[in-house]
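Worksheet: the structure to be examined is printed underneath.
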Amino acid sequence: MANQDYISRTPPPKKPAKRRGKPAPKKSAKNSNGVSLKAKLISLLIVILIAAFAYGLWSLKTDPSTKTPLSKPTKVEAAPTSKAKELPKPPKEIWTYVKDLENQDIEVGEYKVEDKGPYQMQCGSFRSQDQADTLKARIAFAGIESQVRTAKGSSGTWYKVVLGPYKRKREAEKDKHILRRKSNNINGCQIWGWR
């Protein structure tokens, strides 16, 4: 038997396996280096565009018409006319309120703002001394000083938690807003004149 050289022989080409129902996938056109034809065309187009842009810039740089500065347009002077220098006379005014205001006397009245007096704020009225002291303590934690007053009436003794006196109502409202905040949660305070 003769010796056969199996190594130097090229193997026969493989046939693709046939799939039932589906066609075989198409291979993209690739070069021997593995780069597709589409990628090569795109890169060639980019190189051409860059070269054209560079050539356009170079031609603008070397063109003699772009090196000379633009000349300023000369002003066309119109022939002087006497009407252009004169302004028209202002029209006669129909209204006389401007002159009336110049001659009118201003009455200066003396207005006096009356202060309605000191104010107080009452935040609660209770039957028991303990409830009034508890509210007084809550108000003290808010940083405001209050006092408990005793009032005797036909229905019995009432203990009122009162803040004040305030010179202005705005000061009482400021403290009222401080007590209404979520951290303090003291609602129902009323502002009255001091008695």
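Everything in the sequence shown is counted per our numbering, starting at -12 for the first residue and increasing by one.
Using N, Cα and C, we set each Cβ at its ideal position, and we do this for glycine too.
Nearest-angstrom beta carbon gap, residue j and residue i [assumed within contact, 8 Å]
i	j	result
residue 104	residue 179	That belief does not hold up - the Cβ atoms of residue 104 and residue 179 are roughly 11 Å apart, past 8 Å.
residue 129	residue 165	6 Å
residue 122	residue 111	5 Å
residue 134	residue 176	Not confirmed; about 14 Å, so no contact.
residue 149	residue 136	5 Å
residue 138	residue 151	Incorrect: roughly 15 Å between the Cβ atoms, too far for contact.
Backbone CA spacing between residue i and residue j [nearest angstrom]
i	j	result
residue 174	residue 146	17 Å
residue 183	residue 47	Only positions -12 to 182 of the chain appear in the structure, and residue 183 is not among them; the question remains open.
residue 49	residue 35	21 Å
residue 170	residue 126	11 Å
residue 22	residue 0	24 Å
residue 183	residue -3	Examination of residue 183 is not possible in this model, given that the chain is present from -12 through 182 alone.
residue 142	residue 120	21 Å
residue 80	residue 100	43 Å
residue 29	residue 37	12 Å
residue 184	residue 24	The chain is shown only over -12 to 182; residue 184 falls outside these bounds and no answer can be derived.
Of the listed residues the options, nearest to residue i (C-alpha basis)
i	options	result
residue 154	45, 102, 95	102
residue 107	97, 161, 80	161
Self-check item: Contact between the segment 109 to 124 and the segment 71 to 89 (3+ Cβ pairs under 8 Å)
Solution: no
- Ordered list of beta strand (DSSP E) runs contained in the segment 52 to 140, each at least 3 residues: 106 to 113, 134 to 140
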